[in-house]
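What follows is a single structure, written as structure tokens, with notes after it.
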Amino acid sequence: MRRRRLDCRMLQRLVYASHASATGSEDVAAILDWSRRVNPDLGVTGVLCLLDGVYMQCLEGEAQMIDLLFASIRVDRRHRDVTPLQRRAVPRRMFESWSMALLEWNDTTRDIFRSFSPGRKLDLYANDPTTAAPMLRALVRAPGWKLALD
Numbered sequence: 019m020r021r022r023r024l025d026c027r028m029l030q031r032l033v034y035a036s037h038a039s040a041t042g043s044e045d046v047a048a049i050l051d052w053s054r055r056v057n058p059d060l061g062v063t064g065v066l067c068l069l070d071g072v073y074m075q076c077l078e079g080e081a082q083m084i085d086l087l088f089a090s091i092r093v094d095r096r097h098r099d100v101t102p103l104q105r106r107a108v109p110r111r112m113f114e115s116w117s118m119a120l121l122e123w124n125d126t127t128r129d130i131f132r133s134f135s136p137g138r139k140l141d142l143y144a145n146d147p148t149t150a151a152p153m154l155r156a157l158v159r160a161p162g163w164k165l166a167l168d
């Protein structure tokens with residue numbers, strides 16, 4: 019796969035949440051398939067989480083590419099209530115080798131999420147936006163989470 023190289027001053031990280039319009043695995047599979055085909059040529063990496071009917075996605079890449087992808091996500095029928103949680107310039111990627119990975123719930127990921135949550139409820143929209151990237155980092159470093167790369 020060809021991945022565009024970026025000057026670190028241009029690298030952006032966007033984390034957003036949205037409600038899944040449907041809970042079918044076909045939508046998730048289609049999002050992953052499209053992301054894995056398109057993202058390498060755009061220089062975009064990231065991870066997609068499906069957490070009890072809510073997507074949380076981290077996109078990393080050049081600002082213009084992130085803007086392009088996020089604009090298409092906002093009008094995608096598979097997403098409702100698309101809400102940016104955090105966007106900022108970053109010195110390096112968290113998900114450098116992943117055009118798009120999928121993280122799903124299990125006991126370990128629920129416990130990690132709760133450690134970043136103000137209450138016991140698993141609500142991405144209620145979380146402090148500044149915890150989005152650290153929470154993703156903790157989730158993908160934890161043992162026992164499901165990474166769907168196929």
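Here the sequence shown is numbered in the numbering used here, starting from 19 and rising by one per residue.
Every residue gets a Cβ at the ideal spot worked out from N, C-alpha and C, and that includes glycine.
- In the assembly as shown, serine 53 is a buried residue. Its beta-carbon has 16 or more other beta-carbons within 10 Å.
- The count of Cβ pairs closer than 8 Å, one atom from the stretch 65-77 and one from the stretch 106-120, reaches three, so the stretches are in contact.
- Closest option to glutamate 114, judged by alpha-carbon separation, among Arg155, Met74 and Leu86: Arg155.
- Between the alpha carbons of threonine 127 and glutamine 82 lies a gap of roughly 31 Å.
- About 13 Å separates the CB atoms of serine 43 and tyrosine 73; that is not less than 8 Å, and the two are not in contact.
- Listed in chain order, the non-local C-beta contacts of methionine 28 below 7 Å within the same chain comprise Glu80 and Ala81, local neighbours out to five positions each way being set aside.
- Going by DSSP, leucine 77 is part of the beta strand (DSSP E) stretching over 72-80.
- Boundaries of the alpha helix (DSSP H) harbouring leucine 157: 150-159, taken from the DSSP string.
- Judged by DSSP in its simplified three-state form, glutamate 114 adopts coil rather than helix or strand.
- With contacts defined by Cβ atoms closer than 7 Å, leucine 142 and tyrosine 34 do not form a contacting pair.
- Here DSSP, grouped into helix, strand and coil, assigns valine 46 to helix.
- Note that the C-beta distance between valine 100 and arginine 106 is not below 7 Å.
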